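Chemist: Submitted below is the structure of interest, expressed as structure tokens.
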Amino acid sequence: MSDRFATRLLTWFDAHGRHDLPWQHPRTPYRVWLSEIMLQQTQVSVVIPYFQRFVAALPDLPALAAAPRDQVLALWSGLGYYARARNLHTAAQRCVELHDGDLPHDFDALLALPGIGRSTAGAILAQAWDDRFAILDGNVKRLFARFHGIEGWPGTPIIEKQLWELANAHLPHSRLADFTQAQMDLGATLCTRANPDCTRCPLHEDCVAFASDRTATLPTRRPGKTKPERETHVVWMEDRDGRILLQRRPPTGVWASLWALPQFDTSADRDDWLASQGCIASSTELDAIEHVFTHFRLHIHPLRARLSTARMRVSDNDDQRWATRDDLATLGIPAPIRRLLESTP
DNA sequence: AATACGGGGTT
DNA sequence: AACCCAGTATT
């Protein structure tokens with residue numbers, strides 16, 4: 001049986017969909033997987049240069065599995081949600097151990113890999129193998145919330161369950177890769193969050209939101225909440241040769257395992273640490289940097305300190321290192337810290 | 001069921 | 001300045 005939704009969407013896709021995304025040529029399971037992970041909560045235009053750089057450095061799954069963790073994080077640096085990079089790396093190694101160096105062609109085996117949930121597993125199977133699985137990303141949620149007039153924030157399990165059922169109900173029996181891509185292309189180009197272009201939409205005749213003039217209020221917005229503010233103090237320490245002291249962040253929490261500046265909750269803690277570090281020739285407070293996360297707003301107070309000696313008592317190790325300006329490009333560094341280090345003379 | 005997890009784009 | 005984006009893992 002042919003679903004009008006799927007039929008019309010596929011016809012539209014052939015004429016107006018995106019057929020030139022980098023992960024579509026060639027469309028291998030590895031490249032599909034990598035793109036799906038990078039695209040989690042991240043816009044296509046942002047992902048493209050990262051994807052190109054990543055596959056140039058690590059062109060296949062065994063290369064990724066064999067790469068040092070720091071290289072993977074460096075390739076990810078600036079994309080955010082760094083657990084994605086660590087999970088990707090771990091999953092690649094598991095594929096080498098368990099699946100002969102390939103991504104498994106099996107829903108449950110994909111789901112068992114770190115970083116792959118229900119939607120990404122479906123996306124990989126549909127895109128790489130034309131298997132009949134639904135996805136439910138932001139685009140698909142928006143499409144079906146509007147098409148069927150579903151009220152309620154899609155973040156709640158009740159609404160999400162309804163949307164999964166609709167996504168499955170509209171699945172065609174062929175062209176699953178194209179159907180998957182078509183939903184995302186429609187959501188990205190016509191059925192956009194703001195000002196959807198309904199007159200050009202192949203589905204508007206059957207769309208509940210269009211018929212009832214509710215495209216502006218569907219899908220229902222997330223309930224608003226005020227963000228807490230947090231403060232942190234960092235020390236930008238330079239030796240006489242201009243090398244910068246970096247410390248590895250703890251393995252969990254914000255910026256897990258990335259290289260950042262020594263960081264303290266209070267200026268008193270910072271000063272205690274500084275006093276223990278030997279001869280400081282000079283120190284200057286720099287302007288605070290504001291950085292907004294999903295769940296809080298962080299004010300970073302940098303102190304720039306210059307050492308009168310060539311190097312400190314501490315030597316390079318796995319959690320602490322003196323980096324030259326050139327080294328910064330090869331390391332995984334949080335975006336605001338990188339901006340600070342690279343924008344200040 | 002709620003929260004943690006980045007960074008950038010859009011309006 | 002909100003709000004959102006090709007979500008997943010943890011609690």
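The numbering of the first sequence is UniProt numbering, which starts it at 1 and goes up by one.
Glycine residues also receive a C-beta, built at the ideal position from the N, C-alpha and C atoms.
Note that this is a predicted model, so its numbers are computed, not measured.
Can you tell me whether DSSP reads Ser212 as helix, strand or coil?
Modeler: Working through the first sequence from its first residue, we reach residue 212 at position 212. Three-state DSSP puts Ser212 in coil, outside helix and strand.
Chemist: Please state whether the Cβ-Cβ distance between Arg304 and Thr324 is less than 7 Å.
Modeler: The residue labelled residue 304 in the question sits at position 304 within the first sequence. The residue labelled residue 324 in the question sits at position 324 within the first sequence. No, the Cβ-Cβ distance between Arg304 and Thr324 is not below 7 Å.
Chemist: Measure the C-alpha to C-alpha separation of Ala145 and Cys207 and round it to an integer number of angstroms.
Modeler: As a position in the first sequence, residue 145 is number 145, starting the count at 1. As a position in the first sequence, residue 207 is number 207, starting the count at 1. Approximately 10 Å between the Cα atoms of the pair.
Chemist: Restricting to runs no shorter than 3 residues, where is the beta strand (DSSP E) found entirely within the stretch 191-247?
Modeler: Taking only runs of at least 3 residues, the beta strand (DSSP E) segments lying wholly in the stretch 191-247 are 229-238.
Chemist: Mind checking which residues open and close the beta strand (DSSP E) that includes residue 355?
Modeler: Since the displayed the chain opens at 1 and closes at 345, residue 355 lies outside it and no answer follows.
Chemist: Determine the DSSP secondary structure at Glu151, reduced to helix, strand or coil.
Modeler: By one-based count along the first sequence, residue 151 stands at place 151. If DSSP states are grouped into helix, strand and coil, Glu151 belongs with coil.
Chemist: Three or more beta-carbon pairs under 8 Å between the stretch 225-234 and the stretch 264-276, yes or no?
Modeler: Result yes; three or more Cβ-Cβ pairs closer than 8 Å.
Chemist: Where Ala121 and Asp287 are concerned, what is the direct C-alpha to C-alpha distance, given to the nearest angstrom?
Modeler: Counting from 1 along the first sequence, the entry for residue 121 is found at position 121. Counting from 1 along the first sequence, the entry for residue 287 is found at position 287. Ala121 and Asp287: Cα-Cα distance of roughly 44 Å.
Chemist: Please state whether DSSP places His89 in a helix, a strand or coil.
Modeler: Numbered from its first residue, the first sequence carries residue 89 at position 89. Note: His89 maps to helix in three-state DSSP.
Chemist: CB His170 to CB Ala15, shorter than 7 Å?
Modeler: As a first step, residue 170 is located in the first sequence; it is residue number 170 there, counting from the start. As a first step, residue 15 is located in the first sequence; it is residue number 15 there, counting from the start. Not in contact: His170 and Ala15 (Cβ atoms no closer than 7 Å).
Chemist: Count the other CB atoms within 10 Å of the CB of Asp185; is the residue buried (16 or more) or exposed (fewer)?
Modeler: Translated into positions along the first sequence, residue 185 becomes position 185. By the 10 Å Cβ count, Asp185 comes out buried.
Chemist: Mapping the DSSP letters down to three states, classify Pro302 as helix, strand or coil.
Modeler: For this step, residue 302 is matched to residue 302 along the first sequence. If DSSP states are grouped into helix, strand and coil, Pro302 belongs with the strands.
Chemist: Contact between the stretch 83-97 and the stretch 27-44 is defined here as three or more beta-carbon pairs at a separation below 8 Å; is this criterion met?
Modeler: Yes, since at least three Cβ pairs between the stretch 83-97 and the stretch 27-44 fall closer than 8 Å, the two stretches touch.
Chemist: With DSSP collapsed to three states, give me the class of Phe296.
Modeler: Position 296 of the first sequence holds residue 296. In this structure, Phe296 counts as coil in the three-state DSSP scheme.
Chemist: In chain order, what residues of the same chain lie with their CB nearer than 6 Å to the CB of Ala74, ignoring the 5 residues before and after it?
Modeler: To locate residue 74, count along the first sequence from 1; it is residue 74. Within the same chain, Ala74 has close Cβ partners Thr330, Leu331 and Gly332.
Chemist: What is the rounded straight-line gap between the Cα of Val96 and the Cα of Ala112?
Modeler: Start at 1 with the first residue of the first sequence, and residue 96 comes out as number 96. Start at 1 with the first residue of the first sequence, and residue 112 comes out as number 112. Those two C-alpha atoms are separated by around 14 Å.
Chemist: Evaluate contact between the stretch 59-72 and the stretch 88-107, counting only Cβ atoms and requiring at least three cross-stretch pairs below 8 Å.
Modeler: Short answer: they touch.
Chemist: Could you give the DSSP three-state label for Ile280: helix, strand or coil?
Modeler: Here residue 280 is taken as the residue at index 280 of the first sequence, counted from 1. Strand at Ile280.
Chemist: Just confirm the distance between the C-beta atoms of Asp164 and Ala134, as a whole number of angstroms; I'd bet it's less than 8 Å.
Modeler: Residue numbering aside, residue 164 sits at position 164 when the first sequence is read from its first letter. Residue numbering aside, residue 134 sits at position 134 when the first sequence is read from its first letter. Rather than Asp, the amino acid found at residue 164 in this sequence is Trp. Contact holds; Cβ gap of about 7 Å.
Chemist: With respect to the beta strand (DSSP E) encompassing Arg321, which residues constitute its N-terminal and C-terminal limits?
Modeler: Translated into positions along the first sequence, residue 321 becomes position 321. Note, Arg321: beta strand (DSSP E), Gln320 to Ala323.
Chemist: Does the stretch 137-151 come within contact of the stretch 218-226, defined as at least 3 CB pairs closer than 8 Å?
Modeler: Output reads yes: the stretch 218-226 touches the stretch 137-151.
Chemist: According to the neighbour-count rule (16 or more other Cβ atoms, all chains shown, within 10 Å of its Cβ), is Phe13 buried or exposed?
Modeler: As a first step, residue 13 must be located in the first sequence, where it is residue number 13. Phe13 should be labelled buried.
Chemist: What is the rounded straight-line gap between the Cα of Arg339 and the Cα of Asp316?
Modeler: As a working note, residue 339 is residue 339 in the first sequence. As a working note, residue 316 is residue 316 in the first sequence. Straight-line Cα distance between these residues: approximately 23 Å.
Chemist: Can you give me the C-alpha to C-alpha distance between Met1 and Leu58, rounded to a whole angstrom?
Modeler: As a position in the first sequence, residue 1 is number 1, starting the count at 1. As a position in the first sequence, residue 58 is number 58, starting the count at 1. Its pLDDT being 43, under 50, Met1 is placed unreliably in this model, and the value from its coordinates should be taken loosely. Met1 and Leu58: Cα-Cα distance of roughly 43 Å.
Chemist: In chain order, what residues of the same chain lie with their CB nearer than 7 Å to the CB of Pro336, ignoring the 5 residues before and after it?
Modeler: Here residue 336 corresponds to residue number 336 of the first sequence, with the count starting at 1. Correct list, in chain order: Ile289, His291 and Ile300.
Chemist: If you compare alpha carbons, which of Arg214, Asp241 and His173 is closest to Glu151?
Modeler: The sequence position of residue 151 within the first sequence is 151, counting from 1. Of Arg214, Asp241 and His173, the residue nearest in Cα terms is Arg214.
Chemist: Going straight from the alpha carbon of Phe107 to that of Leu125, what length do you get?
Modeler: For the purposes of this step, residue 107 is taken as the residue at position 107 of the first sequence. For the purposes of this step, residue 125 is taken as the residue at position 125 of the first sequence. Looking at the two C-alpha atoms, the distance is approximately 7 Å.
Chemist: Is the beta carbon of Ala209 closer than 7 Å to that of Gly149?
Modeler: Start at 1 with the first residue of the first sequence, and residue 149 comes out as number 149. Start at 1 with the first residue of the first sequence, and residue 209 comes out as number 209. Yes; because the gap between Cβ atoms is below 7 Å, this pair is in contact.
Chemist: Are the Cβ atoms of Asp70 and Tyr30 separated by less than 7 Å?
Modeler: Numbered from its first residue, the first sequence carries residue 70 at position 70. Numbered from its first residue, the first sequence carries residue 30 at position 30. No, these two residues do not count as a Cβ contact at 7 Å.
Chemist: Ignore the nearest five residues each way along the sequence and tell me which others in Asp272's own chain have a CB closer than 7 Å to its CB.
Modeler: What you label residue 272 is simply residue 272 of the first sequence in a count that begins at 1. None.
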